[in-house]
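Heads up, the thing below is written out as structure tokens.
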Amino acid sequence: MPLNRLPFDRRSFLGSLSGIAAAPAAAMPASPQPTPPQSGSLEGDLLAAINKIPLVNTHEHIIPEEERVSLNVDFFTLAGHYAINDVISAGLAGDELRLVRDESASARARWAAFEPHWNNARFTGYGQALRIAIEDIYGAAEISGQTIDGINDRIRAANKPGLYEDVLRKRSNIAYSVLDDYWNAAPVKPDPRFFVYARKFDRFVAPQSAANIRELEKLTDVSIASLRGLKQAMERSFEQSLEAGMVNVKSTLAYSREIHYSEVSESRAELEVQMLLKDGRHVPEGFRNRVERPYRAMEDHMFHHLIQLADAHKIPVQIHTGLHAGNGNFIENSKPTHLTNLFFLYPNVKFDLFHISYPYQGELSVLAKTFPNVYVDFCWAHIISGSLSRRAMHEMLETVPANKIFGYGGDYRYPELSYAHAKMARRNVARVMAEKVEEGFCTDEEALRIAEMILHGNPDAMFGWRRG
Ligand SMILES: [Zn+2]
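Going by the numbering used here, the first residue of the sequence shown is number 8, and it counts up by one from there.
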């Protein structure tokens, strides 16, 4: 917080806190922005240069602009991606949560239900990103019952064509982003001004019912009566995705199961496909399904088939590892070391491992250090924790060759939040590189060169291959 923002003398304020330590940090207007580096300082100069680097953004879920401008978007819409999960973790539940999500209720009523829990959650990375977006783009340093209506008016006024050009290009200086449109079962070519295309095939790897198989048949026009049919359907979808511009494969199976994929014979996998076609095994409901997988052998076999397709087409594979979005999952399912056999088996496939595998960033560091085909991706990381990201970046710059680190991926549905994340990422990279120069790790020219690599050159070499 810049000193001129303090509403009173810092020392006397801290003194007045004694005795009320248990009170939540309510109603203290505070900018969410970390203190900017002094201009003329090494970090300040690096940040100024880093701000000019057009980002290659390794991962987004940004909905098409056409769809976005047709929605009734307000503060609670933007808070609905990631920030809400921390507010729920802080205690928002039941009728209060329903009220916050009720678009027909007044903004003030929704805010009143949201505020007590938000006051406990707003300091997390998700909270900080939301506050930066609201301050920088919608001009409100303070989000409160007094300002919420004005904030919503400004969000609605800006919600028109041209928003993405303004936010993604002009404000964020993002060259392009890799889009994961998980909501589209069939490929839909994304807007080439902003996006290149990642595609998920998890529905072909892990169908859980005969009804799921029927959906895959409809999607691809391929009849599935055997393992061979399931593979052909995946291959058809793969071709359709390539035609729509796919530059890489994406997998988020870590949300559903452990990501170790054994080598399973065709005959074992075929047996399970035949069972699945008859709904022959009980599939547990809800969270239990994330540990009990009645068709695991089929899934393992199909995942290898997917990686073999990526290998044959020479396209990279992005894999979710580490922390899951939402509230509650089996974190140990997503350890990157579960994938080790794949790195041996498919040396020509480039594996881009997401989210620095937090909290397994040490494991990822080891994998990327020793396997030439494993890459580190900081997508989502800077909004999970800034200090974690800086520590991991410090360590990985010492352990992993600099060409294998990707420094930024927004991982949001709404571009305003990708903007905030980009700002946080640039600040972190500038700070880490300044510290590296001060330590004697590299010169200031080398620091800027590394920043250019991790924010642009490295991801561009992997994802820019279909751009003119
Ligand atoms: Zn994502």
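Don't be surprised by glycine CBs; every beta carbon is placed ideally from N, CA and C.
Is residue j closer than 8 Å to residue i when the C-beta atoms are compared?
i, j, result
"Glu270", "Leu234", "no"
"Ala213", "Thr227", "no"
"Ala128", "Val94", "yes"
"Asn410", "Met469", "no"
"Val381", "Leu404", "no"
"Glu279", "Pro291", "no"
"His331", "Tyr415", "no"
"Glu122", "Ser38", "no"
"Ser258", "Pro194", "no"
"His428", "Ile390", "yes"
"Phe211", "Leu237", "yes"
"Leu455", "Ala56", "yes"
"Pro354", "Leu374", "no"
"Val383", "Leu49", "no"
"Phe378", "Phe413", "no"
"Tyr419", "His88", "yes"
"Asn79", "Glu110", "yes"
"Val439", "Met400", "yes"
Looking at the unbroken beta strand (DSSP E) that takes in residue i, where does it start and where does it end?
i, result
"Val203", "Phe202 to Lys207"
"Thr65", "Leu62 to Glu67"
"Asp384", "Val381 to Asp384"
"Phe358", "Phe358 to Leu360"
Which stretch, first to last residue, makes up the alpha helix (DSSP H) that contains residue i?
i, result
"Ile326", "No alpha helix (DSSP H) holds Ile326; the beta strand (DSSP E) holding it covers Val324 to Ile326."
"Ala136", "Gly132 to Tyr145"
"Pro397", "According to the sequence shown, residue 397 is Arg rather than Pro. Taken as a continuous stretch (DSSP letters only), the alpha helix (DSSP H) holding Arg397 covers Gly393 to Thr406."
"Phe350", "Thr347 to Leu352"
"His124", "Ala114 to Ala128"
"Asp93", "Ala90 to Ala97"
"Gln45", "Neither: Gln45 is in no alpha helix (DSSP H) and is coded neither H nor E."
"Val174", "Taken as a continuous stretch (DSSP letters only), Val174 belongs to no alpha helix (DSSP H), as it is neither H nor E."
"Lys376", "Gln368 to Thr377"
"Ala164", "Ile155 to Ala165"
"Val76", "Glu72 to Ser77"
"Val271", "No alpha helix (DSSP H) contains Val271, which DSSP labels as neither H nor E."
"Ala55", "Leu49 to Ile57"
Near residue i, what residues of its chain come up, given a Cβ to Cβ distance below 6 Å and the 5 sequence neighbours on each side ignored?
i, result
"Ala33", "Below a pLDDT of 50, predicted positions are generally treated as unreliable, and Ala33, at 48, falls in that range; no measurement from the model is reported."
"Gly417", "Asn64, Glu67, Ser425 and His428"
"Met305", "Ala276, Glu279 and Val280"
"Pro197", "Leu186 and Tyr204"
"Phe202", "Ser184 and Leu186"
"Arg243", "Thr227 and Val229"
Which residue or residues does DSSP assign as beta-bridge partners of residue i?
i, result
"Ser258", "Ile326"
"Asp187", "Ala205"
"Phe294", "Bridge partners of Phe294: none, in fact."
"Ile412", "Val383"
"Ile181", "Leu62"
"Ser241", "The question names Ser, but residue 241 is Met in the sequence shown. Paired residue(s): none; Met241 is not in a bridge."
"Met253", "Tyr204"
Taking only three categories from DSSP, how would you classify residue i?
i, result
"Ala232", "coil"
"Ala32", "With a pLDDT of 48 at Ala32, under the threshold of 50, the modelled position of this residue cannot be trusted; read the value that follows with caution. Looking at Ala32 - three-state DSSP - the assignment turns out to be coil, as it is neither helix nor strand."
"Asp307", "helix"
"Leu313", "helix"
"Phe470", "helix"
"Phe448", "coil"
"Phe337", "coil"
"Phe83", "helix"
"Ala276", "helix"
"Leu193", "The identity of residue 193 in the sequence shown is Ala, whereas the question assumes Leu. Reduced to three states, the DSSP call for Ala193 is coil."
"Glu459", "helix"
"Pro422", "helix"
"Asn219", "helix"
"Arg288", "coil"
"Ala388", "helix"
"Glu110", "coil"
"Ala265", "According to the sequence provided, residue 265 is Glu. The question's Ala does not apply to it. Glu265: coil per DSSP, three-state reduction."
"Pro214", "coil"
Excluding the 5 residues preceding and the 5 following residue i in the sequence, name in chain order all residues of the same chain whose CB lies nearer than 7 Å to its CB.
i, result
"His289", "Pro301"
"Met35", "Since pLDDT at Met35 reaches only 49, below the 50 mark, its modelled position is unreliable, and the value read off the structure follows with that caveat. Here the set comprises nothing."
"Ala29", "Confidence is the limiting factor: at Ala29 the pLDDT is only 45, short of 50, which leaves the residue's position unreliable, though a coordinate-based value still follows. Same-chain partners within the cutoff: there are none."
"Glu103", "Ala120"
"Phe310", "Val212 and Tyr268"
"Phe130", "none"
"Gly393", "Gly132, Met431 and Asn435"
"Asn334", "Asn92, Ile95 and Ser96"
"Ile314", "Val324, Leu349, Tyr353 and Val356"
CB-CB under 8 Å to residue i, same chain, minus the five flanking residues each way: which ones, in chain order?
i, result
"Val174", "Ile144, Pro422, Glu423, Ser425 and Tyr426"
"Pro61", "Asn180, Ile181, Ala182 and His463"
"Ala119", "Gly152"
"Asp156", "Ala114 and Arg115"
"Ala232", "Leu284"
Can we count residue i as close to ligand 3, meaning its CB is less than 7 Å from some heavy atom?
i, result
"Asp188", "Absence of ligand 3 is noted for the structure shown, with ligand 1 being the only ligands found."
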